[in-house]
Each structure stands twice: as C-alpha cells, then as structure tokens.
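Residue numbers (the numbering used here), protein chains in the order written: chain D, 119 to 456; chain U, 119 to 456.
Protein chains: 2
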Amino acid sequence: MRIAVDGMGGDKGPAILVTGAVDALHQDPELTVLLVGQEDVLRRELVQHKYDPRRLQVHHAEEEIHMEDSPSVVVRQKKKSSLHVANQLVKTGEAEAVFTAGNTGAAMAVSLLTLGRIPGIIRPALLVDFPSNAPQGSTSLIDVGANVDCKPNMLAQFAIMGELWQRQMYSVAEPRVGLLSLGEEDSKGNDLIHETRELLKSLKLNFIGNVEGQDIVNGRAEVVVCDGFVGNALLKFGSGIARMFIEFLKRDMLHSGWMARWTTGIMLPILRRFYRKLDYQEVGSAPMLGINGVSTIGHGKSSAKAIKNALLQAAKFRHQDINHKIEAALRRQGVVEG
Amino acid sequence: MRIAVDGMGGDKGPAILVTGAVDALHQDPELTVLLVGQEDVLRRELVQHKYDPRRLQVHHAEEEIHMEDSPSVVVRQKKKSSLHVANQLVKTGEAEAVFTAGNTGAAMAVSLLTLGRIPGIIRPALLVDFPSNAPQGSTSLIDVGANVDCKPNMLAQFAIMGELWQRQMYSVAEPRVGLLSLGEEDSKGNDLIHETRELLKSLKLNFIGNVEGQDIVNGRAEVVVCDGFVGNALLKFGSGIARMFIEFLKRDMLHSGWMARWTTGIMLPILRRFYRKLDYQEVGSAPMLGINGVSTIGHGKSSAKAIKNALLQAAKFRHQDINHKIEAALRRQGVVEG
Chain D
119 MRIAVDGMGG DKGPAILVTG AVDALHQDPE LTVLLVGQED VLRRELVQHK
169 YDPRRLQVHH AEEEIHMEDS PSVVVRQKKK SSLHVANQLV KTGEAEAVFT
219 AGNTGAAMAV SLLTLGRIPG IIRPALLVDF PSNAPQGSTS LIDVGANVDC
269 KPNMLAQFAI MGELWQRQMY SVAEPRVGLL SLGEEDSKGN DLIHETRELL
319 KSLKLNFIGN VEGQDIVNGR AEVVVCDGFV GNALLKFGSG IARMFIEFLK
369 RDMLHSGWMA RWTTGIMLPI LRRFYRKLDY QEVGSAPMLG INGVSTIGHG
419 KSSAKAIKNA LLQAAKFRHQ DINHKIEAAL RRQGVVEG
Chain U
119 MRIAVDGMGG DKGPAILVTG AVDALHQDPE LTVLLVGQED VLRRELVQHK
169 YDPRRLQVHH AEEEIHMEDS PSVVVRQKKK SSLHVANQLV KTGEAEAVFT
219 AGNTGAAMAV SLLTLGRIPG IIRPALLVDF PSNAPQGSTS LIDVGANVDC
269 KPNMLAQFAI MGELWQRQMY SVAEPRVGLL SLGEEDSKGN DLIHETRELL
319 KSLKLNFIGN VEGQDIVNGR AEVVVCDGFV GNALLKFGSG IARMFIEFLK
369 RDMLHSGWMA RWTTGIMLPI LRRFYRKLDY QEVGSAPMLG INGVSTIGHG
419 KSSAKAIKNA LLQAAKFRHQ DINHKIEAAL RRQGVVEG
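What follows is the structure in structure tokens.
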C-alpha cells in the first residue's frame, strides 16, 4: 500500500508529518510512504529518524499551500504544490491514496480536480467519525463541510457512502442511517429534509428516519446525514465544547478543596483521553468520499499520532475498496447524477 | 411581578413545577405565581409546601397538552388547556409573563396565536444561553428551533434581539454579534449567509462577521446568530455530548486503578456541575423573543431548580422591558417586516 503524504501541509510544519509517517511504517509493514514537498526540508527531518528508505521516498515539489490560500487560487496558480503533486501520484497510479493535513478547502478542490468523482457521484462529501455509544464505538457524520447547499439526491448519496464506510471500516452489518432534523417525527424538518426522507425511505438502507443532534453520540445511529453547513458547525462546536470542558475542570478544581485539587493529577489523563476523543484535531482524518481515488484530510493541528492513525486509516480505506463499492451501490440504488 | 406557570406541562408532572414555583417565591419577594392547570391536582401538590397563598394562586384549566401533541392540533382543538389559559392571563394583563416546561412547538404556536408578534417582527425565535468563555459567562445562540427556513432579514432581527438580550440580562455594554458559518472569511458560507452578512454590516451592531461552531463556547462572541435548523442541532448535540461525557468518565474510571476510582466521589460533583451547565435540561429556560409578551420555555425534563431559575429569569426578562426595546431597535435599525 503506497500512500502519498503532503509533507508541507498542516500548521505544525513537516516535523510532525515525518514523525507520523515513520511511526505508521513501523506499525504497518505493508505500507510505503511517498513524502511530497521541498526535498531539502524533508530530508532534514528524515535524518532524525530510523526507517527503511525503500519504504519512504521523497518526491520533490517546489510550492507549498498555506492555510489562508483560497481553494480557487490554489487550483489555478499553485500547480507545483506538494498537494498537487501528491494527488498527481494517485492519478498516475504511483500511489494508492493521498493524505494532507493542510488547507481543507484546497485539499478538496485539488483532489476533485485531479482525481475527479466516482462515476455517478454528484458532489463528494467529507465524513467524520465521532466517538459514540454505537456498538463499535463511532458514528459517522456526513457531510461536515464540503457542500454548503445540498439537494435531496446529494444527501441520499451521502447516506449511501456513509453506510458503506461503516460497513467496510468497522464491519457493521446493517448500519443504521439517520437524517438529521429537529425531531424524530416525520413532520419535523424543512423542505430539503422532507424530500430527502422520502428518497431515503425508497432506498435499500437501514434508514431509521429523522434523528436529532444528540443522536450523533448516543448510539442511535451509525450514520447521520446532514448538509455540510450544519455538519461543519457541529464538528467545530464539538471541538469547542471539549476544549472548554477541560478549561472548566481546571478552573473548577482550583476553587475546590485540597482533596479535589489533589485528584487533578489522577484525573487529567482520563480527561485528556476524553478530550482527544472529541476533538477533531486528534481524531485522525476525514475521508473525502465520492472522490475517484482515496483522499483523506487531517486537521491542521494534528499530532504525530493523529498523522499515523490517518495513514493507517487511509490504507484501510483503500484496502477495503470502498470506492468501487460506492460506485456499484449508486448504480444499484439508482441514485446517480443526472 | 406576576408569572403564569403552566402547571401541567413537562415530562415530570406538576410536583416539580409546584416545587420550583414555591422555591422561586422564597427567592424573589416581588414574585407572584398564577399556577394554571387542573385545580385538584395542583392543590394536592400545594398542600405539601409552605407558601403565602396571596402570592400563589391556582387558575383552573380543564385540558392538558401532551408532549406528542402536534402544535397545529393544540392550537385548534385544545383551547381550554393550561397552556392556553396561562397565555391568556398575559393577554388580559392578569399576568406579566408566562412559562411552560411543556411541548416546545405547542408553546410557540399558542404564544404566537394568543400574544402575537412585537410590531415589526417577522418571526419570533428561540434563544438559549450557552455557558461560554465570554466575560459574563454565557453566549446566546439564536434561533435554536423556531424557524427551519430563514431569510436574511429574519436573521438580522434575531441578531438585534440577541444583542438586546445580552445587554439587558447580563449588562454587556457592546455585545459582540457573530454570524454562524463555516469559516471566518467573508467568502465562507451559502447565499443566506452572504446576504445576511451584508445586512448585518449595515446595522448599528458590534458585528464581528462570520464565526464558527467553536465560537459559541470559546468567548469570541456574546451572540451567535443561526437559523433554527442549525441551532436546534447544535443545542441537542451539546446536550448529547455532555451526557456521553459523564458516561465515558464513569466507564473509564471503572477500568482505572483504585486511586482513580477512589477519586470518583470527589470528582463527580464537579463533573455534574459541568454537565448541568451544558445540558439544556438544566439551563433553566429559553426565551421566545419576538412574541408580544414575555413567554419562556423550559425543557420537559427540567428539575425543580431549573423551574425556579426559569421563573426568576422570566421576571428579569419582563422587568428589563426587553420587548419594548426590541420594538424600538427594529424601528431605529429599519429592519421591520414588509
């Protein structure tokens, strides 16, 4: 499994990316990493690590993309960027998957332009796995930001893609798919929700109808479908709550008795574990489903561990051949573009 | 200050409502409660409490509304319900505010029908105060579910109402108002967001532009404006995360060493405090802003303490004369219906 890694993307610089990539190689003996970016910069990081040079190759790319670059400018003007070159490696077949922790909008635009869409897909979508009380421990929220205005057949495709993701990545036999709305009753929602619900009912899915915000984490569903505007707000709100929670506890403990303060040292690792579960900086990565190739995005503030997890996840995504399954499912279910 | 309380609304029955009302009377000597509902039921609860009967009167209402009743049916067919009678008391001037912990949709429909809108208001909206890192400790999210399809001038009115809420309830001099979107940059958003942003820029508000999900809690803004579909999802997601968090900690502690388990007893009160802050069951109440009268809604699972807080909040809402200030602000800013 050969994964192209954008070695220049992310807020923390190449060191974290290189560390994460080397760690992934240690954990998965089948993996090969093609590290893309400014060769001298990357080599400088690599000398600090032990790795098999046959399994970690550097591909030079002159330009890099910054977090503030607009996707349209990136697509037109930065064709020699590490992000472009990494996607190009998938296009030519030199790599089987691409990962970046850089600018999300640019990543989506470049993958869409370079790799195109799975036949039949109207618009790709970004999926994030939230920790939840579902039996296998996660619920997929799709879309979390690729599409700000959705149509019913787009949401139906998100449902099909999310369902396959849960099946293939977590071996869930009949993933329960819910449509995010304001209440469980069929009467709750706006026009988009009502039309989408009817469409979803007509498909071969374990569709459980409307779900609400709390159902993303309480285990009622394995897949929650929403438009990218709502999903993005939820994703970032969850991260904000997690951070606020840690701050609240620290503050509150300071104002508690000595006994409570004394327990801080014991509690903080548990709390941090929870925080990491919730915070999208630590989740690993979000697959861009619907792209005709395996392309996943990590948070700009990803830790080395998150990078490592992201690469292992991307390898599994490719290994499970999810894209061909999506293509077949869209055809079978008759929810295709046009 | 006379508040009409729907004595039959809520999942937990009248006992909690009566306890909360009596507690509010003890805390606020200016308060009088008009308890509305089936007289025999309410009297049976009241005999268990000590209170001044001149300050807590029972108004009989034959019917009651259930959580599953649809708002349209309630409005047409249950005109003798405790909810209707309680709103009617505000309409006739016998009460200055109305509170229910019952069916939210029905509460909005009945208040809108009975009390109407503040002159100039297009659509009322539901506001919830989230605990946040803002200096006074809360950020108002508006709308959290009254309107599933919004127009720019509706969102602009929500901004004006939320801003006045923060000014009057928490004495914030220049509340920072943000528009919820997918990124801070002006380019981020859908058509509704772009149009609304231009409108908000033209108003006399401390408008800080686009904000993101995390900004609801991180203290970047005192008011975050969104449509009711998104706001409702966020509200319920926050509650779901809070609940999941407590469960996670309990589970995690069981699998930790004895020392960590031992700290549970000390930590749980702190954790519950956080949970209550986040969980909308405990927040107290949400004002329905834009109704021509003071009408607030509590969660169906409200505790007696939440009921008490809700009544004190409703009294302050009325006392601060927020509705007249909203009417004046709408006129001054030129954002009125039509």
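C-beta atoms are modelled at their ideal positions from N, C-alpha and C, and glycine is treated no differently.
Note that the structure is a prediction, hence the values are computed from the model and not measured.
Backbone CA spacing between residue i and residue j [nearest angstrom]
i: U/Ser199; j: D/Ser305; result: 23 Å
i: U/Ser357; j: D/Glu181; result: 44 Å
i: U/Ser413; j: D/Asn308; result: 25 Å
i: D/Leu259; j: U/Gly234; result: 38 Å
i: D/Gln195; j: D/Glu186; result: 14 Å
i: U/Val191; j: U/Asn221; result: 12 Å
i: D/Leu245; j: D/Val335; result: 15 Å
i: D/Thr314; j: U/Ser403; result: 32 Å
i: U/Gln431; j: D/Leu353; result: 31 Å
i: D/Val342; j: D/His442; result: 22 Å
i: D/Ala252; j: D/Gly280; result: 15 Å
i: D/Val216; j: D/Lys209; result: 10 Å
i: U/Asp333; j: U/Ala339; result: 7 Å
i: U/Leu160; j: U/Ile183; result: 16 Å
i: U/Phe435; j: U/Pro242; result: 15 Å
i: D/Thr232; j: D/Ala179; result: 16 Å
i: U/Ala459; j: U/Leu153; result: Missing from the structure shown is residue 459 of chain U; chain U here goes from 119 to 456 and no further.
i: D/Leu486; j: D/Glu214; result: With chain D covering 119 to 456 only, the question about residue 486 of chain D has no answer from this structure.
i: D/Gly349; j: U/Phe347; result: 12 Å
i: D/Asn205; j: U/Glu455; result: 51 Å
i: U/Leu323; j: U/Leu429; result: 29 Å
i: D/Val151; j: D/Lys319; result: 42 Å
i: D/Asp261; j: D/Ile311; result: 14 Å
i: U/Leu300; j: D/Ala351; result: 7 Å
i: D/Val228; j: D/Ser421; result: 24 Å
Residues that residue i contacts on chain D, provided the C-beta gap is smaller than 8 Å
i: U/Ser357; result: Gly331 and Gln332
i: U/Gly263; result: Leu300
i: U/Phe217; result: Under the 8 Å cutoff, chain D gives no residues; its nearest Cβ is about 22 Å from U/Phe217.
Chain-ordered neighbours of residue i on chain D, where CB pairs are closer than 7 Å
i: U/Val266; result: Leu300, Gly307 and Asn308
i: U/Lys354; result: Glu330, Gly331 and Gln332
i: U/Phe325; result: Under the 7 Å cutoff, chain D gives no residues; its nearest Cβ is about 18 Å from U/Phe325.
Contact set between residue i and chain U, taken where Cβ atoms lie within less than 7 Å
i: D/Ser188; result: Ser305
i: D/Phe276; result: The premise fails here: D/Phe276 is roughly 15 Å from chain U at the closest Cβ pair, so nothing lies under 7 Å.
Classification of residue i by the beta-carbon crowding that lies within 10 angstroms, buried from 16 upward
i: D/Gly255; result: exposed
i: D/Pro237; result: exposed
i: U/Leu211; result: Per the sequence shown, residue 211 of chain U should be read as Gly rather than Leu. Exposed, since its Cβ has fewer than 16 Cβ neighbours within 10 Å.
i: U/Pro147; result: exposed
i: D/His417; result: buried
i: U/Gln284; result: buried
i: D/Lys168; result: exposed
i: D/Pro171; result: exposed
i: D/Gln145; result: exposed
i: D/Pro293; result: buried
i: U/Glu365; result: exposed
i: D/Asp158; result: exposed
i: D/Arg162; result: exposed
i: U/Ser289; result: exposed
i: U/Asp439; result: exposed
i: D/Ser250; result: buried
i: D/Ala219; result: buried
i: U/Arg369; result: exposed
i: U/Ala274; result: buried
Beta-carbon neighbours of residue i, restricted to chain U and to distances below 8 Å
i: D/Asn350; result: Leu300, Glu330 and Gly331
i: D/Asn251; result: Met362 and Glu365
Chain B residues whose Cβ lies nearer than 7 Å to that of residue i
i: D/Val335; result: Of the chains in the structure shown, none is chain B; the protein chains are D and U.
Chain-ordered chain U contacts of residue i [CB-CB under 9 Å]
i: D/Gly221; result: Note on identity: in this sequence residue 221 of chain D is Asn, with Gly being the wrong assignment. Result: empty, since nearest Cβ-Cβ is about 11 Å, beyond 9 Å.
i: D/Phe435; result: Within chain U, no residue comes near D/Phe435; the closest Cβ sits about 24 Å away, beyond 9 Å.
Whether or not the stretch 185 to 202 of chain D and the stretch 119 to 138 of chain D are in contact is what I'm after, with contact meaning three or more pairs of Cβ atoms, one per stretch, closer than 8 Å; do they touch? The stretch 119 to 138 of chain D vs the stretch 185 to 202 of chain D: in contact.
Please list the segments of the beta strand (DSSP E) lying wholly inside the stretch 281 to 324 of chain D, counting only runs of 3 or more residues, in order along the chain. As far as the stretch 281 to 324 of chain D is concerned, its whole beta strand (DSSP E) runs of at least 3 residues are 294 to 298.
Counting Cβ pairs closer than 8 Å, one from the stretch 136 to 150 of chain D and one from the stretch 419 to 427 of chain D, do we hit at least three? Judged by pairs of C-beta atoms under 8 Å, the stretch 136 to 150 of chain D touches the stretch 419 to 427 of chain D, as three or more such pairs exist.
Quick check: the stretch 161 to 178 of chain U against the stretch 441 to 450 of chain D, are there 3 or more CB pairs under 8 Å? With the rule of 3 Cβ pairs closer than 8 Å, the stretch 161 to 178 of chain U does not count as touching the stretch 441 to 450 of chain D.
Contact between the stretch 357 to 366 of chain D and the stretch 263 to 282 of chain D: three or more CB pairs below 8 Å? No contact exists between the stretch 357 to 366 of chain D and the stretch 263 to 282 of chain D.
Quick check on the DSSP output: what are the complete alpha helix (DSSP H) runs of length 4 or more inside the stretch 130 to 177 of chain D, in order along the chain? If only uninterrupted alpha helix (DSSP H) runs of at least 4 residues are considered, those enclosed by the stretch 130 to 177 of chain D are 132 to 145 and 157 to 164.
Note down, one range per segment and in chain order, each beta strand (DSSP E) of at least 3 residues found wholly within the stretch 407 to 450 of chain D. Here the runs fully enclosed are 412 to 416.
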